[in-house]
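For the working numbering, count along the sequence shown from 1 and bump the result up by 185. Here the structure is laid out as structure tokens; the discussion comes afterwards.
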Amino acid sequence: MRFTIILLVLLIVSVYQAAGQETKIRWFGHAAFSITTPQGKVLLIDPWLTNPLNPESKDGKNALASVSKVDYILLTHGHRDHVGDAVEIAKKTGAVLICNPELAGNLVKLMDFPEKQAGTDAIMGIGGEIQIAEGEVTVAMTPAVHSSSVFNPKAGAAEAERAYGGNPAGFVLIVKNGPTIYHSGDTAYFKDMETIGEQYKIDAALLNIGGHFGMEPQMAAKAAKSVGARLAIPHHFATFPGIVQTSESFAAELRKLKISFHEMKPGETVSFRGSQMVKN
Ligand SMILES: [Zn+2]
Ligand SMILES: [Zn+2]
């Protein structure tokens, strides 16, 4: 009897630990993802949660209403479809900003991003790595071939509507006891993506495939290969007219390259145990 109880307790503890060890990635549509670490820290990347694909923003719903806990907001660059709702979310949650210094400065100056959340040692540059979440996550900022500017809502008639946004970037996120995730931001394909693959063991690559402003699907598949991704997840498509509307051709190219593919539905969450995707 006592043995059975001990076994039962051990089983409950191990199930609890297994659940606690999961890393969850959620897609909100466009380039917006959240990553919840095994220790429960929440990272939000390019948080345009009010984008038209997000089921939480449809039918008059307010996508920001359900956002309560965010520890870090990561911005790849200053374009509006990536800065998105960062200011409102930062004010609501106290989240710390991770991006380049020029973008951080202009978000504070022009868009009233809370200054004390934008002036920490989480402001970083391409090529650098920082530790966040008490060392649970290492963030590396990687190059992107794109542009970056911040919309200035305070611009007068004679002023430029777009202010400097620093250099555009991507991120590699190394989650302790979890996957290593690459978010490409907005970028063209560039051959040096191979260097990212040499330096980091990318378990999941979140790649922009929409074309027009960045990689076309075929080149996005090439990017998956260059960074050595075990799994490729597309983003930045079908949000609005003028960009690629389906991930079909991306998936077809990946099949040729024998790289795993998963298309997330907007609002979907996938879980990883260690570096392995376990369910969705
Ligand atoms: Zn952009
Ligand atoms: Zn974009």
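Each residue gets a CB set at the ideal place from its N, CA and C atoms; glycine is no exception. Computed from a prediction, not measured in an experiment: that's the story for all the values here.
- Out of 254, 252, 429 and 235, the CA that lies nearest to the CA of residue 245 is found in 235.
- Counting other Cβ atoms within 10 Å of its Cβ, residue 430 stays below 16 and is therefore classed as exposed.
- Our two residues, residue 298 and residue 273, have alpha carbons roughly 8 Å apart in a direct line.
- Not a single heavy atom of ligand 1 lies less than 7 Å from the C-beta of residue 425.
- Relative to the non-hydrogen atoms of ligand 1, the Cβ of residue 231 never comes closer than 7 Å to any of them.
- In terms of Cβ geometry, residue 355 and residue 367 form a close pair [threshold 8 Å].
- Residue state for residue 206 is assigned as coil, using DSSP reduced to three classes.
- Separation of residue 231 and residue 215 (C-alpha to C-alpha, rounded to the nearest whole angstrom) is 9 Å.
- For residue 459, there is no enclosing beta strand (DSSP E), as DSSP marks it with neither H nor E.
- Relative to ligand 1, residue 371 has its C-beta within less than 7 Å of a heavy atom.
- The C-alpha of residue 436 is placed about 15 Å away from the C-alpha of residue 450.
- Around residue 379, the same chain offers 411 as residues with beta carbons nearer than 7 Å, after the five sequence neighbours per side are excluded.
- Between ligand 2 and residue 421, a heavy atom-to-CB distance of less than 7 Å is present.
- According to the DSSP assignment, residue 314 belongs to no alpha helix (DSSP H) but to the beta strand (DSSP E) extending over 314 to 317.
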